[in-house]
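Going by UniProt numbering, 39 is the number at position 39 of the sequence shown; the sequence numbering is gapless.
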Amino acid sequence: MLHDGLPSLLGELARIAELPLERGETLPARAYTSEDFYRLERDRIFGSDWVCVGHVAQVAEPGDYLRVDDLGEPLVITRDEHGDLHALSRVCRHRFMDVLPPETTPDQGSLKRLTCPYHTWTYRLNGEFAGQLAGAPLMNKVEFDRAACRLPLHRLEVWHGLLMVCADPDAPPLGPQLADLDATLAPYGLADLVVAYTERWDGVPANWKVAFENGSENYHHMGSHANTLEQILPGKDTVVDECEGRGFSMYTPFAPDMEIPKGPDGVELVSTLLPGLGMRQLSGMTVAGVFPNLAMALMPDGVAFVRWVPRGPATHDALVTSLVPAAAKQRPGFDAYVAASKEQFRVIQTEDLVAIRGVQRGLATDPAPSGGRFSHLERPLWQFQRYLAERLAGVGAMTP
Ligand code: FES
Ligand SMILES: [Fe+2]
1 MLHDGLPSLL GELARIAELP LERGETLPAR AYTSEDFYRL ERDRIFGSDW
51 VCVGHVAQVA EPGDYLRVDD LGEPLVITRD EHGDLHALSR VCRHRFMDVL
101 PPETTPDQGS LKRLTCPYHT WTYRLNGEFA GQLAGAPLMN KVEFDRAACR
151 LPLHRLEVWH GLLMVCADPD APPLGPQLAD LDATLAPYGL ADLVVAYTER
201 WDGVPANWKV AFENGSENYH HMGSHANTLE QILPGKDTVV DECEGRGFSM
251 YTPFAPDMEI PKGPDGVELV STLLPGLGMR QLSGMTVAGV FPNLAMALMP
301 DGVAFVRWVP RGPATHDALV TSLVPAAAKQ RPGFDAYVAA SKEQFRVIQT
351 EDLVAIRGVQ RGLATDPAPS GGRFSHLERP LWQFQRYLAE RLAGVGAMTP
């Protein structure tokens, strides 16, 4: 890659983001392979925009914590004694050790204080003092300002039960930017759901946007998922909402002759229905997404949200969280349901990975392919380009 490649790449992004959907084109292939473009994304998107890091049920009680490694800085989400949530850096202010290293501590748990395991500096987790140094042994013979020593705090917003964090103190609040999705999401009551399970696929050999774009359209049901999802949720019946800004949504009715899907061992893949759903929610699947990297599949019995976390220009991790109503966990057979649901997810993900890896191989060819065209079902991909152009090339301002 030539070093002058980035300006021309951003120029091409800006040009493409001006096109109407009817003449929309795929992003330049180099946007999925270039180191320079990737560094810019790390800086202007993942390092400074709102990104989903989990669900409130993962930090339900005072003292609970959730480790987050999805952004540039390692974080821990904590809940204090008042029930308020905090997003703290995990980089100890002494010699910068990870205060909750994954080698020795679980991803989630409960803590009264944070103690760095290296030289045992401790940090408070309560209320307004969250992150404040509580103790640093053998530091009394040097000049050291304890009061000024504090783990940096990131901004955190809870949006429909999802934990959204942002490193930029000046970024506008997220909720108003996503107001268009409120009515679509409200019936599902996401904030009241609990986690059934999480799954992850680490080190997928494709740029994160390839996977996010795959998760943002149902057009591929007829190809990648011909024998699975397409039988229940035919892609051609999807209606994509005309959203603007950084959120999108679409709805696919269940196939009229659909049979209740079963897992490989014959267990029915239906859990307890979410309370209070209307006919529309009971009759199909809603997909909603938030740029940069979150997509949700909202079903009558639960919600799965997926985040695609970049690990390099051509590598990402895919993180899945399955949410169900609390009552589902009491139901006999819940463990069998979870096992069957996980297996089903693996089947679908295996199908998606064939496309995701295959697209990345196509993008990396020389000469690079260009000028791919969109179906009307790929509106979210076209919308995503406007988001990218605004964040990376400073083009236009998205309508909230
Ligand atoms: S690096 Fe944390 S106490 Fe030394
Ligand atoms: Fe898929």
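For every residue, glycine included, the Cβ atom is placed at its ideal position computed from N, Cα and C.
Contact check, N126 vs E157, beta carbons under 7 Å: Taking the sequence shown and counting its residues from 1, one reaches residue 126 at position 126. Taking the sequence shown and counting its residues from 1, one reaches residue 157 at position 157. Their beta carbons are not under 7 Å apart, which means N126 does not touch E157 by this criterion.
Nearest residue (CA-CA) to I356, options T120, F384, D237 and V210: Against the sequence shown, residue 356 aligns to sequence position 356. Of T120, F384, D237 and V210, the residue nearest in Cα terms is V210.
CA-to-CA distance, E217 to residue 439, given in whole angstroms: Residue 439 is absent from the structure shown; the chain starts at 1 and stops at 400.
Assigned exposure category for H376 - 16 Cβ within 10 Å defines buried: The count along the sequence shown starts at 1 and reaches residue 376 at position 376. Exposed: under 16 other Cβ atoms inside 10 Å.
Through-space distance from L193 to G371, alpha-carbon basis: Residue numbering aside, residue 371 sits at position 371 when the sequence shown is read from its first letter. Residue numbering aside, residue 193 sits at position 193 when the sequence shown is read from its first letter. Taking C-alpha positions only, G371 is separated from L193 by approximately 42 Å.
Sufficient close CB pairs (3 or more, under 8 Å) joining the stretch 288-306 to the stretch 356-368: Flag = no, the stretch 288-306 and the stretch 356-368 do not touch.
Contact test: W308 Cβ vs ligand 1 heavy atom, cutoff 6 Å: Here residue 308 corresponds to residue number 308 of the sequence shown, with the count starting at 1. Relative to ligand 1, the beta carbon of W308 is positioned no closer than 6 Å to any heavy atom.
DSSP state of P176 mapped onto helix, strand, coil: The residue given as residue 176 occupies position 176 in the sequence shown. P176 carries a helical assignment under DSSP once its states are collapsed to helix, strand and coil.
Minimum length 3: unbroken beta strand (DSSP E) runs contained in the stretch 48-133: Those beta strand (DSSP E) runs which fall completely within the stretch 48-133 and span 3+ residues are 51-55, 64-68, 75-79, 85-89, 108-110, 113-115 and 122-124.
Member of P253, E22, R307 and L6 whose CA lies at the smallest distance from the CA of residue 403: Nothing can be reported for residue 403: it is not among the residues displayed for the chain, which extend from 1 to 400.
DSSP-derived helix/strand/coil call for H225: The residue labelled residue 225 in the question sits at position 225 within the sequence shown. DSSP places H225 in the coil class of the three-state scheme, outside both helix and strand.
Between the CA atoms of V59 and A183 - distance to the nearest angstrom: For the purposes of this step, residue 183 is identified with residue 183 of the sequence shown, where counting begins at 1. For the purposes of this step, residue 59 is identified with residue 59 of the sequence shown, where counting begins at 1. If you take the alpha carbons of A183 and V59, they lie about 26 Å apart.
Where the alpha helix (DSSP H) containing Y251 begins and where it ends: Working through the sequence shown from its first residue, we reach residue 251 at position 251. First-last for Y251: G247 to P253, but that is the beta strand (DSSP E), not the alpha helix (DSSP H).
T399 in three-state terms, based on DSSP: Along the sequence shown, one-based indexing puts residue 399 at 399. Low local confidence applies: a pLDDT of 46 at T399 is under 50, so the model's placement there is unreliable, with the coordinate-based value given in what follows. T399: coil per DSSP, three-state reduction.
Cβ pair R79, D64 closer than 7 Å: On the sequence shown, residue 79 is found 79 positions in, with the first residue counted as 1. On the sequence shown, residue 64 is found 64 positions in, with the first residue counted as 1. At the C-beta level, R79 and D64 come within 7 Å of one another.
Simplified DSSP state of P310, which is helix, strand or coil: If you number the sequence shown from 1, residue 310 lands on position 310. In the structure shown, P310 sits in a strand (DSSP, three-state: E or B).
Length of the line joining the Cα atoms of Q349 and K236: One-based indexing of the sequence shown puts residue 349 at position 349. One-based indexing of the sequence shown puts residue 236 at position 236. Straight-line measurement puts the Cα of K236 at about 20 Å from the Cα of Q349.
G394 burial status per 10 Å Cβ neighbour count (16 or more: buried): For the purposes of this step, residue 394 is taken as the residue at position 394 of the sequence shown. Counting other Cβ atoms within 10 Å of its Cβ, G394 stays below 16 and is therefore classed as exposed.
For W382, the residue or residues it bridges with in DSSP: Numbered from its first residue, the sequence shown carries residue 382 at position 382. W382 is bridged by DSSP to nothing; it lacks a bridge partner.
When A136, D107 and W50 are compared against C92, the one with the closest alpha-carbon: Taking the sequence shown and counting its residues from 1, the one referred to as residue 92 is at position 92. Distance check between C92 and each of A136, D107 and W50 places A136 closest, using alpha-carbon atoms only.
Residues near ligand 1, criterion Cβ-heavy atom distance below 5 Å: Result (chain order): C92, H94, R95, M97, C116, Y118, H119 and W121.
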